[in-house]
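Following: one structure in structure tokens, then a few remarks.
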RNA sequence: GGCGACGUGGCCGAGUGGCUCAGGCAACGGCCUGCAAAGCCGUCCACAUGGGUUCGAUUCCCAUCGUCGCCUCCA
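Residue numbers (my numbering): 469 to 919.
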């Protein structure tokens, strides 16, 4: 069974299932106000691999990932561009799923939108107010973190230490809050801002309230796993949990956080740094599978550098990977159990995908070696295992390339020249094709081209 | 100031108290090939620094240096 590092307990431990055979996962989704960046790509790819692996293992996965379509960033952009905010959110959501499709990230089983949950959020906030755990101020409703048992579980820091570290930062809503760490549940709206009715006045929910309501509604109390980027650990996840705890509800049983995408200087790639390449750009310029391969060859908890060199290396690795799919069309054998077992061992150990990929590449080498040695049965067993693993991690094979008529004609001419032993002509044709970007393989069976 | 992560070979990147010191990319040699490519075989290049524990440390402990993240925008 899968063991994962749990941020709350700071140890790798078994992912316990509330209901045998079914895994319930909540992943904080995007705020739809701009194109998805590389960080979003990593987040979705990491958990797509997790989800596929669990399904491949025979488990039923319920993966809920929300769309945050109420947020200050959205309102700001709407004001800046003088257009309706819903226009932005619907467009961005469409772009989001388009990008997800390109990187082969399966759509979550549930995609709730914040706008569809406002009433439930108001109800929940009302309960917190009634319980005396939340209070109304001039600009909204806040949760009183001092009344939350174990606040700071995920950051492993006491409330006092958090405050001591604040430095010169401005405390948001300082004048209104009872305690500097209290956070907003309901923001009263200013004229012209999107607004929903509430007992405290028109306004909109705070970000942290969205996810707690949606996750508990769709997955129920004590769901198995809550995941997201390390930057969501605090305050977002801490505050989601705080609300659940304040309500007296069981929240996530296990917390998983992945590392950042960094630039070549090793700094976090963040929107505020302005060094962000968006995900669609990356897909346009490189094999869309390259990013997944790059991430699979890194551990999910560490930082990943997305650089020219790294992407190039991943593209090359994919070529080797595709090589066996070209060589062995349909593996007509049962998958090698040793390879699958080694793969499972790696994955179950905190999703050690780099080790898992090492298993795959070893199997590829062995399969090629077996075939070179004439043992096709063995080769096919290994290839079948590679195909199975590819499915488990969401990698597809690229085999047949569309070859334009002109290039195909040159390839045919090349074969004819070789048959006639006119090697000078053959070499010239090959050079032309290579100049056009083709990888040319001339074999006894004829010339094949691929990009 | 508090909390945390990390420093592995030309690059990326797992892992381990000693045994065979993953894997990918690159380079070099060989086989194969008309020559290449692909594939296979082999070579090369390691564990930030200084102490300590130990029969033995890249792996454990301490210190130092360095990098990065979080401490209410953020995947």
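A virtual CB, placed ideally from N, CA and C, is assigned to each residue, including glycine.
Between which two residues does the beta strand (DSSP E) containing residue 673 stretch? As a working note, residue 673 is residue 205 in the first chain. Residue 673 -> beta strand (DSSP E) spans 671 to 673.
Measuring only the C-alpha atoms, how far is residue 681 from residue 620? Along the first chain, one-based indexing puts residue 681 at 213. Along the first chain, one-based indexing puts residue 620 at 152. When rounded, the distance between both Cα atoms is 20 Å.
Just to confirm before moving on: does the CB-CB distance between residue 597 and residue 609 stay below 8 Å? Indexing the first chain from 1 puts residue 597 at position 129. Indexing the first chain from 1 puts residue 609 at position 141. Yes, the pair counts as a contact, with Cβ atoms nearer than the cut-off.
Buried/exposed call for residue 775, threshold 16 Cβ in 10 Å: In the first chain, the residue the question calls residue 775 occupies position 307. Exposed: under 16 other Cβ atoms inside 10 Å.
Give the range of the beta strand (DSSP E) segment to which residue 496 is assigned. On the first chain, position 28 is the one that residue 496 refers to. First-last for residue 496: undefined, no H or E at that position.
Within a Cβ cutoff of 6 Å, which residues of the same chain sit near residue 739, ignoring the five residues on either side of it in sequence? Position 271 of the first chain, counted from the start, is the residue given in the question as residue 739. The predicted position of residue 739 is uncertain, since its pLDDT is 47 and thus under 50; a value taken from the coordinates is nonetheless stated next. Excluding positions up to five away in sequence, the list is empty.
Check each candidate in 556, 607, 666, 545 and name the one with the smallest Cα separation from residue 586. Taking the first chain and counting its residues from 1, the one referred to as residue 586 is at position 118. Of the candidates 556, 607, 666, 545, the one whose C-alpha sits nearest the C-alpha of residue 586 is 666.
Rounded Cβ spacing between residue 762 and residue 746 (contact assumed at less than 8 Å): In the first chain, the residue the question calls residue 762 occupies position 294. In the first chain, the residue the question calls residue 746 occupies position 278. Going by Cβ atoms, the distance from residue 762 to residue 746 rounds to 16 Å, so no, they are not a contact pair.
Does the distance from the CB of residue 495 to the CB of residue 515 come in under 8 Å? On the first chain, position 27 is the one that residue 495 refers to. On the first chain, position 47 is the one that residue 515 refers to. Yes. Within cutoff.
Going by DSSP in three states, residue 530 sits in which element: helix, strand or coil? Along the first chain, one-based indexing puts residue 530 at 62. In this structure, residue 530 counts as strand in the three-state DSSP scheme.
Beta-carbon separation of residue 710 and residue 613 under 8 Å? Working through the first chain from its first residue, we reach residue 710 at position 242. Working through the first chain from its first residue, we reach residue 613 at position 145. For residue 710 and residue 613, yes; Cβs fall inside 8 Å.
Which two residues bound the contiguous beta strand (DSSP E) that contains residue 553? Translated into the one-based positions of the first chain, residue 553 becomes position 85. That residue, residue 553, is in no beta strand (DSSP E); its alpha helix (DSSP H) goes 553 to 570.
Distance, Cα to Cα, residue 551 vs residue 873? Here residue 551 refers to the residue found at position 83 when the first chain is read from its first residue. Here residue 873 refers to the residue found at position 405 when the first chain is read from its first residue. Straight-line Cα distance between these residues: approximately 48 Å.
Residue 868: which of 916, 887, 674 sits nearest, CA to CA? For the purposes of this step, residue 868 is taken as the residue at position 400 of the first chain. Among 916, 887, 674, the Cα nearest to that of residue 868 is on 916.
What is the DSSP secondary structure of residue 656, counted as helix, strand or coil? In the first chain, counting from the first residue as 1, residue 656 sits at position 188. Three-state DSSP puts residue 656 in a strand.
Do the CB positions of residue 478 and residue 535 come within less than 8 Å of each other? Taking the first residue of the first chain as position 1, residue 478 is located at position 10. Taking the first residue of the first chain as position 1, residue 535 is located at position 67. No, Cβ-Cβ distance for residue 478 and residue 535 is not below 8 Å.
Could you compute how far the alpha carbon of residue 901 sits from the alpha carbon of residue 910? One-based indexing of the first chain puts residue 901 at position 433. One-based indexing of the first chain puts residue 910 at position 442. Straight-line Cα distance between these residues: approximately 12 Å.
State the CB to CB distance for the pair residue 803 and residue 834, rounded to an integer number of angstroms; the pair is presumed to be in contact (CB under 8 Å). As a first step, residue 803 is located in the first chain; it is residue number 335 there, counting from the start. As a first step, residue 834 is located in the first chain; it is residue number 366 there, counting from the start. Their Cβ separation, rounded to whole angstroms, is 13 Å, which puts residue 803 and residue 834 out of contact at 8 Å.
Taking just the CA atoms, how far does residue 713 sit from residue 846? Residue 846 sits at position 378 when you count from the first residue of the first chain. Residue 713 sits at position 245 when you count from the first residue of the first chain. Roughly 55 Å separates the two Cα atoms.
Three-way DSSP call (helix, strand, coil) for residue 470 in this model: What you label residue 470 is simply residue 2 of the first chain in a count that begins at 1. Three-state result, residue 470: coil.
Residues in the same chain with beta-carbon distance under 7 Å from residue 429, minus the five sequence neighbours each way, listed in chain order, please. Nothing can be reported for residue 429, as the shown portion of the chain is limited to 469 through 919.
What residue range does the beta strand (DSSP E) around residue 480 cover? In the first chain, residue 480 corresponds to position 12, counting from 1. Run containing residue 480: 479 to 482, per the beta strand (DSSP E) assignment.
Three CB pairs or more closer than 8 Å across the segment 680 to 698 and the segment 479 to 486: yes
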